[in-house]
Structures are given as structure tokens and as C-alpha cells.
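Student: One structure coming up, written as C-alpha cells, with questions to follow.
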Amino acid sequence: MYGHFGEGCIHSRISFDLRTAVGVRDYRAFMEEAADLVTSYGGTLSGEHGDGQQRAELLERQYGPTLVQATREFKLIWDPDWKMNPGKVVDPYRLDRNLRLGTNYNPPRPEVEFAYSDDGGDFAHAALRCVGVGKCRVPDATQTMCPSYRVTREEKHSTRGRARLLFEMLQGEVVTDGWQSKEVAEALDLCLACKGCTNDCPVNVDIPTYKAEFLHHHYRSLRRWRPRYAYAFGFIDQAARLATRAPELVNLATQTIGVRRLVKLAGGIDRKRRLPRFAPQSLQRWYAERGGTRNPHWPAAALFKDELRGMLPHDDDAARLEQNSYHFAEFFETFDVKVPRLDGEALLWGHCHHRATGGIDPEQKLLERMGVSAEPLSGGCCGLAGSWGFEKGKYDISMQCGEEALLPAVRDADPRKLVVANGFSCKTQIAQARTGRKALHIAEVIALARARGRKGADTKRPETGPG
Numbered sequence: 002m003y004g005h006f007g008e009g010c011i012h013s014r015i016s017f018d019l020r021t022a023v024g025v026r027d028y029r030a031f032m033e034e035a036a037d038l039v040t041s042y043g044g045t046l047s048g049e050h051g052d053g054q055q056r057a058e059l060l061e062r063q064y065g066p067t068l069v070q071a072t073r074e075f076k077l078i079w080d081p082d083w084k085m086n087p088g089k090v091v092d093p094y095r096l097d098r099n100l101r102l103g104t105n106y107n108p109p110r111p112e113v114e115f116a117y118s119d120d121g122g123d124f125a126h127a128a129l130r131c132v133g134v135g136k137c138r139v140p141d142a143t144q145t146m147c148p149s150y151r152v153t154r155e156e157k158h159s160t161r162g163r164a165r166l167l168f169e170m171l172q173g174e175v176v177t178d179g180w181q182s183k184e185v186a187e188a189l190d191l192c193l194a195c196k197g198c199t200n201d202c203p204v205n206v207d208i209p210t211y212k213a214e215f216l217h218h219h220y221r222s223l224r225r226w227r228p229r230y231a232y233a234f235g236f237i238d239q240a241a242r243l244a245t246r247a248p249e250l251v252n253l254a255t256q257t258i259g260v261r262r263l264v265k266l267a268g269g270i271d272r273k274r275r276l277p278r279f280a281p282q283s284l285q286r287w288y289a290e291r292g293g294t295r296n297p298h299w300p301a302a303a304l305f306k307d308e309l310r311g312m313l314p315h316d317d318d319a320a321r322l323e324q325n326s327y328h329f330a331e332f333f334e335t336f337d338v339k340v341p342r343l344d345g346e347a348l349l350w351g352h353c354h355h356r357a358t359g360g361i362d363p364e365q366k367l368l369e370r371m372g373v374s375a376e377p378l379s380g381g382c383c384g385l386a387g388s389w390g391f392e393k394g395k396y397d398i399s400m401q402c403g404e405e406a407l408l409p410a411v412r413d414a415d416p417r418k419l420v421v422a423n424g425f426s427c428k429t430q431i432a433q434a435r436t437g438r439k440a441l442h443i444a445e446v447i448a449l450a451r452a453r454g455r456k457g458a459d460t461k462r463p464e465t466g467p468g
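Be aware that the sequence shown starts at 2, since it is given in the working numbering, and climbs by one per residue.
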């Protein structure tokens with residue numbers, strides 16, 4: 002149950018068993034009884050959705066035969082050959098015909114890599130989650146979902162469109178080549194895997210997980226190599242480990258025109274993208290020099306908070322890891338860690354995966370505890386999405402995603418305001434989009450306060466000063 006509760010409009014999704022004859026019969030009986038009940042109180046059969054085939058058969062109960070016949074005659078004037086949307090409002094199909102499922106519904110249930118514990122381990126059931134509400138088609142950046150759709154405005158790039166294609170792939174009637182489907186691969190290619198749909202969709206469709214599942218089977222079934230960028234970024238940890246031996250030399254080489262072009266060509270990276278520079282010192286080495294225990298594995302917190310449980314839902318160790326994993330500010334707030342004072346204001350931007358695994362309330366509370374008045378920016382995506390915005394052919398769409406909300410807000414911000422963004426992708430996009438600003442991780446804000454004192458941010462572009 003969901004909907005516009007403030008306006009008194011509630012969407013109720015009743016789970017009829019439309020895969021059996023008994024279930025279809027019960028569905029029809031309920032619809033007829035509900036129609037009689039609603040109209041007996043002067044109500045309407047449809048308040049927002051389902052104005053066509055789903056309820057049109059019942060319209061005579063609400064409007065009476067005379068008005069329904071008048072509507073039919075009016076349609077005949079403009080559509081004598083019955084070519085425009087037949088069977089939907091006038092002379093409609095029966096409401097229990099042309100069902101999405103029906104008594105013949107029996108999709109294949111392939112072996113999958115993710116657990117889909119909320120769907121009984123059934124990928125076909127996961128593909129059925131979408132009920133077509135279309136919240137993913139909101140044209141303005143008022144939510145994270147779905148950044149690529151807001152750029153292209155194509156149904157196949159919406160959460161709903163992608164879910165529908167996966168459903169059709171399993172049905173095998175329209176999309177007939179299964180995991181090898183080029184159409185499904187094309188629709189999923191522009192998915193940034195931002196995880197916005199996992200929060201913003203009313204039924205929590207998880208297209209990034211479905212995309213990962215599909216691509217795994219897609220390339221395995223085709224027995225062919227993945228695109229070059231998949232290997233370039235898939236093995237980036239090994240390349241980075243080598244680069245840390247001589248980061249200045251590597252940076253000099255990758256910023257040289259000829260070498261830069263060669264690296265981009267070999268790695269399938271868009272020619273318009275600037276290659277990030279390697280840090281002069283690795284985090285592990287920096288941490289060890291300050292007395293920390295060296296850890297060869299630096300996982301993303303989102304892995305423990307989301308994907309790990311998705312693959313190992315019944316593993317006690319995975320559950321404990323999830324319960325004891327914290328985002329940076331979340332740790333500070335959970336354990337009430339003391340922070341230095343810093344007067345000033347900040348724009349606060351949350352990485353998409355951060356929003357999907359807890360949100361940025363702890364960041365805002367931490368900044369305010371420091372004395373920083375934080376203005377959270379909501380809606381949209383930075384557009385870089387890890388390696389996605391680096392991939393060949395995706396630069397323009399990547400930047401268009403960022404221009405929906407984040408990048409204009411950064412450009413328009415008072416130069417004395419800090420720009421706080423914990424995500425590496427977000428920081429990189431801000432740096433490469435000619436905003437003139439450098440975004441800071443919240444740890445850098447704390448370091449700035451410790452180095453400069455309470456008034457340390459009282460200057461234009463405070464991120465550029467010493468400390």
C-alpha cells in the first residue's frame with residue numbers, strides 16, 4: 002500500500018493469483034463487487050490509474066448505458082475504422098483478458114548468482130516487482146531515480162522499462178534470445194547502477210543488481226570478451242598498486258598527450274575524460290605510518306551494507322559485518338566522537354550509494370555539531386557513477402546527469418561555502434565540470450578545522466588554503 006497519503010489517495014496493490022483459473026475468477030468477482038460498492042456511494046471506478054482495459058468493462062455501472070452509448074457514437078465519428086486504441090474504453094476487452102500473467106504463465110527460473118531473498122530466490126519474481134506506477138519517469142531531479150531516463154526520456158532507460166524488458170526476456174515471446182539479448186543489454190548499458198531505484202521505487206525494484214546478473218550471464222553465454230573498459234577498471238587495483246611505486250612518474254606519463262591517448266584507447270575510456278592522478282602516497286602507507294594496522298583489503302562500506310547480504314542472506318558473519326559497518330560520519334555520530342569546531346556554511350551532497358545505504362543525515366548532524374550550517378542537496382546524481390562516466394561514449398550523458406542538480410548548485414554557491422561530497426565519483430565530477438571548486442570529504446573538513454581553527458573556513462574557497 003502506497004500513494005499520495007497527504008491528499009487522501011491510497012494505492013492498494015492486492016496480490017491476486019492471476020496464474021490460476023481460480024485466481025483469475027476471484028479477481029473478476031472482486032472487481033465486479035468492488036465496482037458495485039464504490040458506485041453505490043457515488044464514487045468513481047478510477048481515481049488515477051487503470052482508466053482503460055482494466056476497468057472500462059465496468060463503466061456502464063457508473064455512467065449507465067445511455068452515456069456509454071453516446072461515448073461509443075462519438076468515437077465512431079472520429080474513428081470509424083476503430084484503429085485508435087481499440088478495446089480500451091469503448092467496446093472494451095474483458096478485464097480478465099490479456100493479463101500480464103494468466104494461466105499460461107510459466108517462465109524459466111535460471112540459476113542466478115544473487116540470492117534475491119526478498120523474492121524467494123527467484124529472478125523471475127524479481128522481474129515482476131514493477132507494477133508500472135512510473136515514479137521512475139518523474140522528469141525533474143527531485144529524486145535519485147532514474148538519472149539516465151531524465152536525460153534520454155526514453156522508456157527503455159527508465160526503471161520500469163528495464164524491468165519490463167527483463168520480464169519479456171524471461172517470457173521469451175517478444176525478446177527471444179534470452180541472456181544474449183542485445184536489446185536488454187542496450188537498455189541496461191545506460192544504467193548508472195546508482196541504486197536510486199532501491200529507495201525511490203515504491204516496490205524497491207533493484208535494477209543495478211539485475212544488471213549485474215544479466216551481464217554475468219550475457220557475456221558467459223556469448224563466450225566473448227567484455228568491453229575494454231570492464232577490464233581496465235576491473236583490474237584498477239592492480240594497476241594502482243604498481244603506480245604507487247612511482248606515482249609522480251605515472252602521473253607525468255598519463256598527462257602527456259600521446260601516452261594519455263594511448264591509455265584511453267587501450268582502456269576504452271572516453272577521450273573527453275581527464276584521467277585522475279594517483280596520490281603521492283597510498284592510504285595504506287599513510288595509515289601505517291601513523292600507527293594504524295595495515296589492512297590489505299579496503300572494501301566499500303556499501304558492500305557490507307548491501308551487496309554482501311544480497312549474496313549471503315543467511316550467513317551470520319555477513320550479518321555481523323553489516324551491523325558493524327559504518328559510513329564515516331555515521332561512526333562519529335553513533336559513538337559520539339568529539340569533533341573540532343568550525344564556523345561556516347556548506348553545501349552537502351550525498352553519494353548515490355550512500356543515500357541507498359543509510360542516507361546523509363549523519364553527515365548533516367556531524368557538520369552542525371561542528372558549527373557548520375549544512376544545506377543538503379537532494380535529487381539527481383553526479384553522473385560519474387564510478388567507472389561508468391569514464392566509459393567510451395558516455396561522457397556527454399554523464400555530464401548531463403550532473404547538470405540536473407549538483408553542478409549548477411556548486412557553481413552558484415557562495416564562494417565562502419564549503420562543498421562537501423564524500424564520494425570519489427562526485428568529487429571527480431565536480432572537479433572536471435569547470436565548477437571552479439574542489440569538494441571535500443567530511444574527513445577533510447575535520448582536518449581543516451583542526452589545522453586552521455574555528456575560523457578556518459572564513460575565506461573564499463576555503464578548500465584551497467593551507468591545511
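Beta carbons are placed, not taken as given, at the ideal position from N, Cα and C, and that holds for glycine.
Helix, strand or coil, according to DSSP, for Tyr-42 in the structure here?
Tutor: For the purposes of this step, residue 42 is taken as residue 41 along the sequence shown, with counting starting at 1. The answer is coil: DSSP assigns Tyr-42 none of H, G, I, E or B.
Student: For Ile-270, report the span of its beta strand (DSSP E) as first-last.
Tutor: Locating residue 270 in the sequence shown gives position 269, where the first residue counts as 1. Here Ile-270 belongs to no beta strand (DSSP E), and DSSP marks it neither H nor E.
Student: Where Val-420 and Cys-382 are concerned, what is the direct C-alpha to C-alpha distance, given to the nearest angstrom?
Tutor: Counting from one through the sequence shown, the residue named residue 420 turns up at place 419. Counting from one through the sequence shown, the residue named residue 382 turns up at place 381. When rounded, the distance between both Cα atoms is 16 Å.
Student: Do Ala-422 and Ala-440 have their beta-carbon atoms positioned less than 8 Å apart in this structure?
Tutor: The residue labelled residue 440 in the question sits at position 439 within the sequence shown. The residue labelled residue 422 in the question sits at position 421 within the sequence shown. For Ala-440 and Ala-422, yes; Cβs fall inside 8 Å.
Student: Hey, could you find the ends of the beta strand (DSSP E) Ala-375 is sitting in?
Tutor: Counted from its first residue, the sequence shown places residue 375 at position 374. Run containing Ala-375: 373-378, per the beta strand (DSSP E) assignment.
Student: Pick out whichever of Arg-275, Val-251 and Tyr-230 has its Cα sitting closest to the Cα of Gly-269.
Tutor: In the sequence shown, residue 269 corresponds to position 268, counting from 1. The shortest Cα separation from Gly-269 among Arg-275, Val-251 and Tyr-230 belongs to Tyr-230.
Student: Just verifying my parser: in three-state terms, what is the DSSP assignment at Val-421?
Tutor: Looking up residue 421 in the sequence shown gives position 420. Strand.
Student: Could you check if Tyr-396 is buried or exposed, using at least 16 other CB atoms within 10 Å of its CB as the buried criterion?
Tutor: Here residue 396 is taken as the residue at index 395 of the sequence shown, counted from 1. With 16 or more Cβ atoms within 10 Å of its Cβ, Tyr-396 is classed as buried.
Student: From Gly-24, Leu-309 and Ala-186, pick the residue whose C-alpha is nearest to that of Arg-227; which is it?
Tutor: As a position in the sequence shown, residue 227 is number 226, starting the count at 1. Here the closest residue by C-alpha is Ala-186.
Student: Leaving out the 5 sequence neighbours to the left and right, which residues in its chain are closer than 6 Å to Val-341 when beta-carbon positions are compared?
Tutor: Residue mapping note: residue 341 aligns to position 340 of the sequence shown, counting from 1. Inspection of the sequence shows that residue 341 is occupied by Pro rather than by Val. Result list for Pro-341: Ala-450 and Arg-451, in chain order.
Student: Are there 16 or more other CB atoms within 10 angstroms of the CB of Tyr-42, so buried, or fewer, so exposed?
Tutor: By one-based count along the sequence shown, residue 42 stands at place 41. So Tyr-42 counts as exposed.
Student: Whole angstroms is fine: what's the gap from Gln-70's alpha carbon to Leu-60's?
Tutor: Sequence index remark: in the sequence shown, residue 70 carries index 69 (1-based). Sequence index remark: in the sequence shown, residue 60 carries index 59 (1-based). Whole-angstrom Cα-Cα distance: 11 Å.
Student: Out of Gln-433, Lys-456 and Gly-380, state which residue places its alpha-carbon closest to the alpha-carbon of Met-146.
Tutor: As a position in the sequence shown, residue 146 is number 145, starting the count at 1. Per the Cα distances, Gly-380.
Student: For the candidate residues Leu-167, Ala-247 and Gly-173, whose alpha-carbon lies nearest to that of Lys-212?
Tutor: The residue labelled residue 212 in the question sits at position 211 within the sequence shown. Ranking Leu-167, Ala-247 and Gly-173 by Cα distance to Lys-212 puts Leu-167 first.
Student: Taking C-beta to C-beta, are Ile-443 and Phe-329 nearer than 8 Å?
Tutor: Against the sequence shown, residue 443 aligns to sequence position 442. Against the sequence shown, residue 329 aligns to sequence position 328. Going by C-beta atoms, Ile-443 is nearer than 8 Å to Phe-329.
Student: When you compare each of Lys-306, Leu-343, Gln-282 and Gly-403 to Trp-350 by their alpha carbons, which one comes out closest?
Tutor: As a working note, residue 350 is residue 349 in the sequence shown. Here the closest residue by C-alpha is Gly-403.
Student: Contact criterion: CB-CB distance below 8 Å. Does Lys-339 meet it with respect to chain D?
Tutor: This model lacks chain D altogether; it includes just one protein chain.
Student: So, are the CB atoms of Arg-455 and Leu-343 less than 8 Å apart?
Tutor: Your numbering for residue 455 matches position 454 in the sequence shown. Your numbering for residue 343 matches position 342 in the sequence shown. It is a contact, given that the beta carbons lie within the stated cut-off.
Student: Could you tell me which residues DSSP puts in a beta bridge with Ile-11?
Tutor: Counted from its first residue, the sequence shown places residue 11 at position 10. DSSP lists Gly-4 as partners of Ile-11.
Student: Do Thr-72 and Val-91 have their CB atoms nearer than 8 Å?
Tutor: Working through the sequence shown from its first residue, we reach residue 72 at position 71. Working through the sequence shown from its first residue, we reach residue 91 at position 90. It is a contact, given that the beta carbons lie within the stated cut-off.
Student: Is Pro-111 buried or exposed, if buried means 16 or more other CB atoms sit within 10 Å of its CB?
Tutor: Start at 1 with the first residue of the sequence shown, and residue 111 comes out as number 110. Pro-111 comes out exposed.
Student: Looking only at its own chain, which residues have a Cβ that is under 7 Å from the Cβ of Cys-202, when we skip the five neighbours before and after it?
Tutor: As a first step, residue 202 must be located in the sequence shown, where it is residue number 201. Taken in chain order, the residues that qualify are Lys-136, Cys-137, Met-146 and Thr-160.
Student: Ignore the nearest five residues each way along the sequence and tell me which others in Lys-76's own chain have a CB closer than 7 Å to its CB.
Tutor: Counted from its first residue, the sequence shown places residue 76 at position 75. Closer than 7 Å at Cβ, skipping near neighbours: Val-91.
Student: Count the CB pairs spanning the segment 47-58 and the segment 75-89 that are closer than 8 Å, and state whether there are at least three.
Tutor: The segment 47-58 vs the segment 75-89: in contact.
Student: What would DSSP say about Glu-112, mapped onto helix, strand or coil?
Tutor: To locate residue 112, count along the sequence shown from 1; it is residue 111. Looking at Glu-112 - three-state DSSP - the assignment turns out to be coil, as it is neither helix nor strand.
Student: Between which two residues does the beta strand (DSSP E) holding Glu-346 run?
Tutor: As a working mapping, residue 346 is identified with position 345 in the sequence shown. From DSSP, the beta strand (DSSP E) with Glu-346 extends over 345-350.
Student: Which full runs of the alpha helix (DSSP H) of 4+ residues lie inside the segment 63-138, going along the chain?
Tutor: Correct list: 124-128.
Student: Would you call the segment 298-317 and the segment 110-127 touching, i.e. three or more CB-CB distances under 8 Å?
Tutor: Enough Cβ pairs lie closer than 8 Å, so yes.
Student: Given a cut-off of 8 Å on the beta-carbon distance, is the pair Leu-189 and Arg-151 in contact?
Tutor: Counting from one through the sequence shown, the residue named residue 189 turns up at place 188. Counting from one through the sequence shown, the residue named residue 151 turns up at place 150. No.
Student: Quick one: residues in its chain with C-beta nearer than 8 Å to the C-beta of Gly-103, no 5 flanking neighbours on either side, listed in chain order?
Tutor: Taking the first residue of the sequence shown as position 1, residue 103 is located at position 102. Correct list, in chain order: Leu-19, Arg-20 and Val-25.
Student: Mind checking which residues open and close the alpha helix (DSSP H) that includes Pro-409?
Tutor: The residue you call residue 409 lines up with position 408 of the sequence shown. 407-413 is the extent of the alpha helix (DSSP H) around Pro-409.
Student: I need the straight-line Cα distance from Ala-375 to Glu-331, nearest angstrom please.
Tutor: Numbered from its first residue, the sequence shown carries residue 375 at position 374. Numbered from its first residue, the sequence shown carries residue 331 at position 330. C-alpha separation (whole angstroms): 16 Å.
Student: Mark Gly-345 as exposed unless 16 or more other C-beta atoms lie within 10 angstroms of its C-beta, in which case mark it buried.
Tutor: What you label residue 345 is simply residue 344 of the sequence shown in a count that begins at 1. Buried is the call here.
Student: Please determine, among Phe-279, Glu-34 and Ala-254, the residue with the shortest C-alpha to C-alpha distance to Phe-239.
Tutor: Locating residue 239 in the sequence shown gives position 238, counting from the first residue. Inspection of the sequence shows that residue 239 is occupied by Gln rather than by Phe. For the residues Phe-279, Glu-34 and Ala-254, the minimum Cα distance to Gln-239 belongs to Phe-279.
Student: CB-CB under 7 Å to Pro-93, same chain, minus the five flanking residues each way: which ones, in chain order?
Tutor: Taking the sequence shown and counting its residues from 1, the one referred to as residue 93 is at position 92. For Pro-93, where only same-chain residues beyond five positions count, the Cβ hits under 7 Å are Gln-54, Ala-57 and Glu-58.
Student: How would you label Asp-80, buried or exposed, when you count the other beta carbons within 10 angstroms and need 16 or more for buried?
Tutor: Numbered from 1 along the sequence shown, position 79 holds the residue referred to as residue 80. By the 10 Å Cβ count, Asp-80 comes out exposed.
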